[in-house]
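Numbering follows UniProt numbering, with no gaps: position 231 of the sequence shown is 231.
First up is the structure itself, then whatever we jot down about it.
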Amino acid sequence: MQNAFNSTTDTRPSIFGRTVTSVFPKFFSFKHQPPGNIRTCMIPPIVFWEILRNLPKLLKLRFYLKKKRAEHSADDICVAFYSDNLDEVNGIANNLRHVISFMRGHGYKAALVGNAFNTRERGVVENGYVILLPRIFSMEQLGYANSELAIPHIAPALRLLKRYPVDLIEVETPSPGAWAVALCAKVAGIKVISHYRTDVPTYTKTLVKAKWMHRYVLMLMQIFYGFTRPVISPCKDYMNILNKDIKVPFKDIEIIRRGIPLDNYSPDFRGKGTWERFSDSKNKVRFVYVGRISKEKNLPLLKNLWLEFRKSHDDAELMFVGDGWYLEELKKDFAGAPEVHFAGVQGGEILAGLYADADFLLFPSTTDTFGNVVVEALASGTPAIVSDKGGPQDIVFGKDCGYILPSDDATAWMNQLDECIQLRRNESSYLPMRENAYKRSKDFTLEKAAAAQWEFYKKVYHEYYFGK
1 MQNAFNSTTD
11 TRPSIFGRTV
21 TSVFPKFFSF
31 KHQPPGNIRT
41 CMIPPIVFWE
51 ILRNLPKLLK
61 LRFYLKKKRA
71 EHSADDICVA
81 FYSDNLDEVN
91 GIANNLRHVI
101 SFMRGHGYKA
111 ALVGNAFNTR
121 ERGVVENGYV
131 ILLPRIFSME
141 QLGYANSELA
151 IPHIAPALRL
161 LKRYPVDLIE
171 VETPSPGAWA
181 VALCAKVAGI
191 KVISHYRTDV
201 PTYTKTLVKA
211 KWMHRYVLML
221 MQIFYGFTRP
231 VISPCKDYMN
241 ILNKDIKVPF
251 KDIEIIRRGI
261 PLDNYSPDFR
271 GKGTWERFSD
281 SKNKVRFVYV
291 GRISKEKNLP
301 LLKNLWLEFR
311 KSHDDAELMF
321 VGDGWYLEEL
331 KKDFAGAPEV
341 HFAGVQGGEI
351 LAGLYADADF
361 LLFPSTTDTF
371 GNVVVEALAS
381 GTPAIVSDKG
391 GPQDIVFGKD
401 CGYILPSDDA
411 TAWMNQLDEC
421 IQLRRNESSY
431 LPMRENAYKR
441 SKDFTLEKAA
451 AAQWEFYKKV
461 YHEYYFGK
């Protein structure tokens, strides 16, 4: 692998905190494809062809890894995490980068692998540990601009596995690349497990009109999670969905709470002037939404809610922090609402300051399996208002640090915004809620999450390779 040079140029704007440190040689790839229901049928043949043409190498690797595994301690395991969309800006990519960086810095042997986005000519390594493999095929996701379905080249992955053997692979989404990686791992004798990080059936129903695609995706998920067990779920809500809809037995589901780097966020960032960079309003109650600007985050509800709410309130403002395919439509709908601001994608102290300066986080999403931004807001001392579907409700429930509302009840959300205006004016009631938010965030440290994950990995490793 070569050092970084000009060929690593990405046509996208640079992403905060990500630096290319080396690049792969150039590999052939098919031209990036636009979205299309029928076009997705190209994916399975390409996946199986890529596996078949590397089958001799996979079988060689199987015997090599078995030999290497016998040479090291049974407690000295190495885990690789694979996610297709590491080269994008999303909660999964951000969380994985934080978690694996922490693990590597604290003695855990962990590797992080994904695909290079179609805007790159080559595969790259970022920050010395995030391996973005060269792709052989990519297409835009159905109904989802700026995100893609991709298949990596298997040959460079096999060379890396020989150089850096792993004992366990965790795949993060049931994507084409994850299918390729999981099937290759099966042939190579590596145990594969999965982590339920994306509510794919709900995404599909929200973004794709064709009903046959809904059934097709669900069938594929049932097969995928059938051979990548056990499955990690971040909360009880999705444990029940995995069991009921995807047919994973409860005995094969493990609930493990996630963690985020809390040191990046603090109530101490409040009042440092960050909010004022994007708004010149004075003495208004501040609501913020942070995350991807797209419909599956239930943003149409938030848009309609605010357009109605502003008719009777000139004492509140709303900030959107993030980017996505729904952004331009939102800007157009809020063109006559000067109290609505768009900060774009932010990171570092600016993001931390916006969280802390906000009075409440509005997060109506029904498709998040966890809710990184909810924990980040709480760590900044900002109470969160979330829906009653998905993972965020587990973060807020019973801790007096926010509110859980019916996901489709606009009246309940309207009434809650009214209550928030009153609450913010009452310091003796509002400040304890900020303190509770900060305290609750401490349940989601990287230390706790990493320790729980690693104990589970060791258990799976021993049961698979040694039957105990």
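All residues carry an ideal CB built from backbone N, CA and C; glycine is no exception.
For clarity, every value in this text was computed on a predicted model and none was experimentally measured.
Residues sharing a beta bridge with residue i, DSSP
| i | result |
| --- | --- |
| Val340 | Leu318 |
| Arg78 | In the sequence under discussion, the amino acid at residue 78 is Cys, which differs from the Arg named in the question. Cys78 pairs with Lys109. |
| Asn115 | Leu133 |
| Gly402 | Ala384 |
Between the CA atoms of residue j and residue i - distance to the nearest angstrom
| i | j | result |
| --- | --- | --- |
| Lys211 | Pro34 | 20 Å |
| Asp75 | Ala450 | 16 Å |
| Ile193 | Lys209 | 31 Å |
| Arg69 | Val373 | 39 Å |
| Phe342 | Ser147 | 21 Å |
| Pro249 | Ala180 | 24 Å |
| Ser312 | Ala412 | 16 Å |
| Ala358 | Glu276 | 11 Å |
| Lys247 | Thr445 | 31 Å |
| Glu254 | Leu149 | 27 Å |
| Asp315 | Ser281 | 9 Å |
| Asp10 | Arg18 | 12 Å |
| Arg440 | Leu207 | 33 Å |
| Asn85 | Asn115 | 7 Å |
| Leu218 | Asn243 | 13 Å |
| Met414 | Gly91 | 27 Å |
| Asn279 | Asn54 | Rather than Asn, the amino acid found at residue 279 in this sequence is Ser. Their backbone Cα atoms lie some 56 Å apart in a straight line. |
| Glu16 | Gly467 | As written in the sequence, residue 16 is Phe, which differs from the Glu given in the question. When rounded, the distance between both Cα atoms is 44 Å. |
| Phe117 | Glu419 | 44 Å |
| Gly398 | Asn436 | 11 Å |
| Val113 | Glu308 | 45 Å |
| residue 489 | Arg104 | The question about residue 489 has no answer here: the residues shown for the chain are numbered 1 through 468. |
| Val89 | Lys162 | 30 Å |
| Val321 | Asp400 | 25 Å |
8 Å Cβ shell around residue i - same chain, five flanking residues per side excluded
| i | result |
| --- | --- |
| Ala111 | Cys78, Val79, Ala80, Phe81, Ile100, Tyr129, Ile131, Tyr164 and Val166 |
| Gly189 | Arg62, Leu65 and Lys66 |
| Ala452 | Ile256 and Arg257 |
| Asn6 | With a pLDDT of 41 at Asn6, under the threshold of 50, the modelled position of that residue is not reliable, and the figure given next carries that caveat. Taken in chain order, the list of residues that qualify is empty. |
| residue 473 | Nothing about residue 473 can be reported from this structure: the residues present for the chain run from 1 to 468 only. |
| Pro267 | Ala356, Ser380, Gly381, Arg434 and Tyr438 |
Whether residue i touches residue j by CB criterion (8 Å)
| i | j | result |
| --- | --- | --- |
| Arg425 | Pro383 | no |
| Ile154 | Ile46 | no |
| Glu339 | Lys284 | yes |
| Ile404 | Gln422 | no |
| Tyr430 | Gly381 | no |
| Val460 | Leu362 | no |
| Ile350 | Leu327 | no |
| Gly344 | Asp323 | yes |
| Asp263 | Lys303 | no |
| Ile260 | His98 | yes |
| Ala157 | Ile169 | no |
| Thr119 | Arg286 | no |
Burial state of residue i (16 or more Cβ within 10 Å)
| i | result |
| --- | --- |
| Glu376 | buried |
| Pro174 | buried |
| Pro56 | exposed |
| Leu52 | exposed |
| residue 473 | Residue numbering for the chain in the displayed model covers 1 to 468; residue 473 lies beyond these limits and cannot be assessed. |
| Pro406 | exposed |
| Met319 | buried |
| Gly226 | exposed |
| Arg159 | exposed |
| Pro176 | buried |
| Lys251 | exposed |
| Asn3 | Low confidence applies to Asn3: its pLDDT is 48, below 50, so where it sits in the model is not reliable, and the reading given next is rough at best. Asn3 should be labelled exposed. |
| Trp306 | buried |
| Thr198 | buried |
| Glu50 | buried |
Close-in-space but distant-in-sequence residues of the same chain around residue i (CB under 6 Å, 5 per side omitted)
| i | result |
| --- | --- |
| Gly353 | Phe269, Lys272 and Thr274 |
| Met213 | Asn37 |
| Tyr464 | Lys191 |
| Val125 | Thr21, Ser22 and Ile131 |
| Gly391 | Pro234, Cys235, Asp368, Thr369, Phe370 and Gly371 |
| Leu142 | Pro35 and Val208 |
| Ile232 | His195, Glu254 and Ile256 |
Beta-carbon proximity list for residue i, same chain, < 7 Å, skipping 5 on both sides
| i | result |
| --- | --- |
| Lys26 | Glu121 and Arg122 |
| Thr228 | Val171, Ala182, Val192, Ile193 and Ser194 |
| Leu220 | Pro174 |
| Gln222 | Ile246 and Lys247 |
| Tyr203 | Glu296 and Thr367 |
| Trp454 | Tyr108 |
| Lys205 | His214 |
Neighbour flag for residue i against chain B, beta carbons, 8 Å
| i | result |
| --- | --- |
| Met319 | Of the protein chains in the structure, only one exists, and it is not chain B. |
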